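Asker: Sequences listed follow chains C and B, in order.
The first sequence begins at 33 in this note's numbering and counts up one residue at a time.
The second sequence begins at 33 in this note's numbering and counts up one residue at a time.
Note that the Cβ used here is the ideal one computed from N, Cα and C, for glycine as well.
Just so you know, these numbers come straight off a predicted model, no measurement behind them.
Number of protein chains: 2
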Amino acid sequence: MPQAGAYHHGDLRAACLRAARELLEEDGSAGLSLRAVARRAGVSATAPYRHYADRGALVSSVAAEGYRELAEHLTTARPAPSTPDDLAAVATAYVRFALDHPAMFRVMFAEPCDPTSEERVAATSAISAYVRGIVRDAFPGTEDTDALSTSVWALVHGLAFLHLDGKLDSSTPEAVADRVRSSVLALFTLSPAIRKAAPSD
Amino acid sequence: MPQAGAYHHGDLRAACLRAARELLEEDGSAGLSLRAVARRAGVSATAPYRHYADRGALVSSVAAEGYRELAEHLTTARPAPSTPDDLAAVATAYVRFALDHPAMFRVMFAEPCDPTSEERVAATSAISAYVRGIVRDAFPGTEDTDALSTSVWALVHGLAFLHLDGKLDSSTPEAVADRVRSSVLALFTLSPAIRKAAPSD
DNA sequence: CTAAGATGTATACACCATTCACATTAGGGT
DNA sequence: ACCCTAATGTGAATGGTGTATACATCTTAG
């Protein structure tokens with residue numbers, strides 16, 4: 033039975049993760065220090081090193097958790113997305129997640145982020161596959177599904193960041209939802225002008 | 033005549049900016065510390081405070097310079113853009129800028145960034161206006177130019193970030209250029225499937 | 001020429017990441 | 001039941017960082 037004595041924590045690894053997430057919510061990414069995490073977990077400053085190689089490793093774990101939660105948030109918004117309309121709904125859910133958890137979202141995407149963290153790679157490729165699945169269902173006639181889903185992800189991701197950075201008004205959830213929705217759909221309803229102007233390959 | 037004596041630097045403000053940019057190129061955003069800037073400028077650790085309120089102010093100035101250079105980079109790529117093809121070229125230039133100056137790009141967009149820096153606001157609105165101009169010329173028949181240009185900016189911005197974060201292959205400039213180009217254009221060439229699937233308003 | 005303001009320095013404090021030697025404990029092999 | 005080992009947590013120390021404060025030096029306006 034763990035947690036009998038006070039010397040050993042029991043599950044410090046998980047406690048650190050939880051503390052890190054709380055600090056992120058409260059003080060933003062600036063407040064996420066190893067020492068603060070240790071303090072909150074009620075443990076000495078260097079104890080976390082037994083479970084994380086360095087600060088970056090902790091951050092990577094937090095990010096990975098964020099990816100999983102984002103994925104869950106999206107599937108909750110639309111459990112079985114298969115139409116352009118579903119796609120728009122998922123897109124707004126994506127942006128909403130970013131605005132509801134700004135510090136977490138920044139940790140997930142705005143860090144230097146070495147690509148050697150398997151946890152991160154696995155989690156992001158899950159999201160990528162999810163988007164690809166929706167696009168495949170929503171636009172069955174598409175030749176290059178990968179390219180299109182990349183475009184969609186990039187569009188939504190960019191919208192999230194521009195809102196997050198205050199470059200676009202995000203005062204009300206409705207305003208954001210409307211913009212995301214219309215942005216996603218607008219790009220699909222412009223064909224006449226474009227086909228006339230750019231009839232290449 | 034400045035720079036006669038050694039006590040006063042002459043133009044420490046500019047020297048700090050230059051030093052900050054060099055450190056950014058060399059060591060990434062992690063190496064950008066006020067103390068390192070001061071060291072490189074050959075000045076005491078607290079001297080920069082005479083010209084910048086705090087670290088954030090320095091970073092904001094660097095970011096503002098980055099915005100201006102990005103704008104210049106884009107206009108150099110296509111001095112008078114007016115077609116979808118031009119738009120694609122400008123888009124690749126945008127992503128290329130991000131990949132060529134990753135640390136700078138992150139400073140520009142991935143920082144918490146209080147919206148109270150006039151320098152930043154002015155510089156970003158310039159880019160926003162530039163994109164809007166291209167879109168207006170490239171798609172004259174569009175009702176809501178603002179919405180469309182927002183979408184375009186978001187798409188390109190998202191592509192830049194996904195490449196930067198290693199979520200998309202950026203091993204060769206050609207691969208990146210092809211993907212950006214096709215991503216931007218692909219979204220304009222899907223009309224049949226979409227109009228059939230989502231015939232709303 | 002001098003006094004005041006601008007600019008740079010020195011010192012100090014608090015915080016942080018990280019390392020290392022050490023203390024405590026849990027659990028498996030006997 | 002016992003001990004030994006590996007896992008886990010502690011404490012002190014090192015070197016880096018942002019920032020405030022008091023002080024030194026220079027420039028320049030009057």
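Tell me where the alpha helix (DSSP H) around B/Arg32 begins and ends.
Answerer: In the structure as shown, chain B begins at 33 and stops at 233. Residue 32 of chain B is therefore absent and cannot be evaluated.
Asker: With DSSP collapsed to three states, give me the class of C/Ala103.
Answerer: In this structure, C/Ala103 counts as helix in the three-state DSSP scheme.
Asker: Please say whether C/Lys199 and B/Thr177 have beta carbons closer to each other than 7 Å?
Answerer: Result no, Cβ atoms of B/Thr177 and C/Lys199 do not sit closer than 7 Å.
Asker: Which first and last residues belong to the alpha helix (DSSP H) in which C/His189 is found?
Answerer: Here the alpha helix (DSSP H) through C/His189 covers Thr177 to Leu196.
Asker: Does C/Tyr39 get closer than 7 Å to chain B when you measure Cβ to Cβ?
Answerer: Cβ-Cβ to chain B under 7 Å: no for C/Tyr39.
Asker: Find the residues of chain B that neighbour C/Leu187, judging by a C-beta separation of less than 8 Å, and give them in chain order.
Answerer: Correct list: Ser183, Ala186, Leu187, Gly190 and Leu219.
Asker: Is C/Leu49 close to chain B, meaning its C-beta is less than 7 Å from at least one C-beta of that chain?
Answerer: No, C/Leu49 lies away from the interface with chain B (no Cβ there is under 7 Å from its Cβ).
Asker: Given a cut-off of 7 Å on the beta-carbon distance, is the pair B/Val94 and B/Arg110 in contact?
Answerer: Going by C-beta atoms, B/Val94 is not nearer than 7 Å to B/Arg110.
Asker: From which residue to which residue does the alpha helix (DSSP H) around C/Ser202 run?
Answerer: No alpha helix (DSSP H) holds C/Ser202; DSSP gives it neither H nor E.
Asker: As a quick exercise: from B/Val75, B/His133 and B/Thr107, pick the residue whose alpha carbon is nearest that of B/Ala47.
Answerer: B/Ala47 has its Cα closest to that of B/Val75, out of B/Val75, B/His133 and B/Thr107.
Asker: For B/Tyr126, which of B/Leu49, B/Phe193 and B/Gly42 has the nearest alpha-carbon?
Answerer: Looking at the Cα atoms, B/Phe193 is the closest of the given residues.
Asker: Measuring only the C-alpha atoms, how far is C/Val216 from C/Ser183?
Answerer: Taking the straight line from one Cα to the other gives about 10 Å.
Asker: To the nearest angstrom, how far is the alpha carbon of C/Thr78 from that of C/Leu64?
Answerer: Distance between the alpha carbons of C/Thr78 and C/Leu64: 15 Å.
Asker: Cβ of C/Ala125 less than 7 Å from any chain B Cβ?
Answerer: C/Ala125 does not count as touching chain B.
Asker: By how many angstroms is the C-alpha of C/Pro116 removed from the C-alpha of C/Ser202?
Answerer: Taking the straight line from one Cα to the other gives about 23 Å.
Asker: So which of B/Ser149, B/Glu151, B/Trp185 and B/Ala154 has the shortest CA-CA distance to B/Arg164?
Answerer: Taking only the C-alpha atoms, the option nearest B/Arg164 is B/Trp185.
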